[in-house]
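Colleague:
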Amino acid sequence: MNRRIHQALGAALMLALSAHLALAQTPDPLAAASTYVNAPHNWQLWFPKSGSPMQAQIDWLMQYVLWIMLAVVLFVAALMAYVFVKFNARANPNPSHVTHNTFIEVVWIVIPTILLAIIIIPSINLIYYEGDTSNPYMTVTVTGHQWYWEYNYQAVPGLDYTSYMIPDDQIDKSKGEIRRLSVDHPLVLPVGEKIKFDITSGDVLHGFYLPSLGVQKYAIPGTIQTSWTLITQPGTYFGQCNQICGLDHDAMPIEIKAVPLADYLAWVKVAQANYTQNNSSPPPAGQLADASTP
Ligand SMILES: [Cu+2]
Numbered sequence: 030m031n032r033r034i035h036q037a038l039g040a041a042l043m044l045a046l047s048a049h050l051a052l053a054q055t056p057d058p059l060a061a062a063s064t065y066v067n068a069p070h071n072w073q074l075w076f077p078k079s080g081s082p083m084q085a086q087i088d089w090l091m092q093y094v095l096w097i098m099l100a101v102v103l104f105v106a107a108l109m110a111y112v113f114v115k116f117n118a119r120a121n122p123n124p125s126h127v128t129h130n131t132f133i134e135v136v137w138i139v140i141p142t143i144l145l146a147i148i149i150i151p152s153i154n155l156i157y158y159e160g161d162t163s164n165p166y167m168t169v170t171v172t173g174h175q176w177y178w179e180y181n182y183q184a185v186p187g188l189d190y191t192s193y194m195i196p197d198d199q200i201d202k203s204k205g206e207i208r209r210l211s212v213d214h215p216l217v218l219p220v221g222e223k224i225k226f227d228i229t230s231g232d233v234l235h236g237f238y239l240p241s242l243g244v245q246k247y248a249i250p251g252t253i254q255t256s257w258t259l260i261t262q263p264g265t266y267f268g269q270c271n272q273i274c275g276l277d278h279d280a281m282p283i284e285i286k287a288v289p290l291a292d293y294l295a296w297v298k299v300a301q302a303n304y305t306q307n308n309s310s311p312p313p314a315g316q317l318a319d320a321s322t323p
């Protein structure tokens, strides 16, 4: 008897507790994005830590070419040092009159050709990889304005909002905001999905530049440039407008909150209520991906 009462009491307590928790926790769909912050830091060298396969490949190619270049520079510097020491007028007063050496001439054509070939093959592969915007999960139209960004989620009716830098005197460091980088409404994207960007401008040239994701495209009035990304890890990523676009060019950073797909879909519902003018019910989750692309 006692045991039954205990069980019933325990069950009632658990029920009350879970109901209380459900009420107390209004889950923030963007919470996962604050677990990892990919931001530039003072005295940074090399590229930022890559957040997408494209940036990982760009970083790899940069270092691959860099080491080849270093080897060439060291080899040429050593040859020149050898010539300066061995064949200067004092050390070698009677110079040789040889003007041709077929073997050396073949070598200095063939070796640079091989070097160029081993650089150009991964370069062209990467160019094609960067240009392949086919079959995205979703497409966002990015429009540069003087001086803010506008994001339009093509597959979510009415989801179109602007993103302004938070002014220096309103930065709240306790919320993890970063001066000159954090914005009022970040671009929210799902991780692990291919995202296409249609990049354009409403006024002058801007640049949509996301260093840690390997995206850099000019935003040009009257035309659309495309790029894409696939963010591998939930987190906050930053970019900048990198075309001198006028007085407040420095005040149009890009902030991306990358979250798991389920959180992204939850955010879309919140965003539709807040960022769109028509508060109609959101489409089913399956329709949030591009319907237009095959
Ligand atoms: Cu700009």
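Numbering (the working numbering), first residue to last: 30 to 323.
Ideal placement from N, C-alpha and C gives every residue a C-beta, glycine not left out.
#1: Quick check for students: name the residue ranges of the beta strand (DSSP E) that lie wholly in the region 169 to 204, counting only runs of 3 or more.
#2: Beta carbon of T265, beta carbon of P82: below 9 Å?
#3: Looking only at its own chain, which residues have a Cβ that is under 8 Å from the Cβ of A314, when we skip the five neighbours before and after it?
#4: If L210 and P282 are in contact, beta carbons under 8 Å, what's the gap, nearest whole angstrom?
#5: Less than 6 Å between C-beta atoms, sequence neighbours within five positions excluded: which residues of the same chain meet that for N123?
#6: Q262 bridges to which residues according to DSSP?
#7: I need the boundaries of the beta strand (DSSP E) containing F116, first residue and last residue.
#8: Based on the DSSP output, what are the partners of P250 in its beta bridges?
#9: Exposed or buried, which one is A100 when buried takes at least 16 other CB atoms within 10 Å?
#10: Please determine if the region 180 to 194 and the region 234 to 253 are in contact, where contact requires at least 3 C-beta pairs separated by less than 8 Å.
#11: Helix, strand or coil, according to DSSP, for I224 in the structure here?
#12: Got a sec? Which residues, its chain only, sit under 7 Å from A53 by beta carbon, not counting five neighbours each side?
#13: Report yes or no: is there a C-beta of chain B within less than 9 Å of the C-beta of N67?
#14: Cβ of M167 versus every heavy atom of ligand 1: is any distance shorter than 8 Å?
#15: Can you tell me whether A48 is buried or exposed? The criterion is at least 16 other CB atoms within 10 Å of its CB, across all chains shown.
#16: Beta carbon of M194: closer than 8 Å to some heavy atom of ligand 1?
#17: Between the region 159 to 173 and the region 227 to 239, do at least 3 Cβ pairs fall closer than 8 Å?
#18: Quick one: Cα of T322 to Cα of T168, how far?
#19: Can you name the residues that DSSP bridges to V282?
#20: Taking all protein chains shown into account, do 16 or more other C-beta atoms lie within 10 angstroms of the C-beta of S163, making it buried, or fewer, making it exposed?
#21: According to DSSP, simplified to helix, strand and coil, what is A291?
#22: In this structure, does DSSP put G160 in helix, strand or coil?
Modeller: In short, the structure shows the following:
#1: You should have 177 to 182 and 189 to 192.
#2: In this structure, T265 sits away from P82, with a CB-CB distance that is not shorter than 9 Å.
#3: For A314, the pLDDT reaches just 49, beneath the cut-off of 50, and the residue's location in the model is therefore unreliable, although a value from the coordinates is still provided. L294.
#4: With a Cβ gap of about 5 Å, L210 and P282 count as contacting.
#5: So the list is empty, once near-sequence residues are dropped.
#6: BP columns for Q262 are empty, so no partner.
#7: Neither: F116 is in no beta strand (DSSP E) and is coded neither H nor E.
#8: Looking at the DSSP output, P250 bridges to S230.
#9: With fewer than 16 other beta carbons inside 10 angstroms of its own, A100 counts as exposed.
#10: The region 180 to 194 and the region 234 to 253 do not touch, with fewer than 3 CB-CB distances between them shorter than 8 Å.
#11: Note: I224 maps to strand in three-state DSSP.
#12: Reliability of the predicted coordinates at A53 is poor, the pLDDT of 47 falling under 50, and the value obtained from them is presented with this limitation in mind. Cβ neighbours of A53 within its own chain (closer than 7 Å, five residues either side excluded): none.
#13: Within the model displayed, chain B is absent; a lone protein chain is all it includes.
#14: For M167, the CB stays at least 8 Å from every heavy atom of ligand 1.
#15: Confidence at A48 is low in this model, with a pLDDT of 46, below 50, so its placement is unreliable and no value can be given for it.
#16: Answer for M194: no, Cβ out of range of ligand 1.
#17: Yes, the region 159 to 173 touches the region 227 to 239.
#18: Only weak support is given to the placement of T322: the predicted model assigns it a pLDDT of 44, under 50, and the question is left unresolved by the model.
#19: Here the sequence assigns Pro to residue 282, which means Val is not the residue at that position. P282 is bridged to Q269.
#20: By the neighbour-count criterion, in which a residue is buried when 16 or more other Cβ atoms sit within 10 angstroms of its Cβ, S163 is exposed.
#21: Helix.
#22: Residue state, collapsed to three classes: helix.
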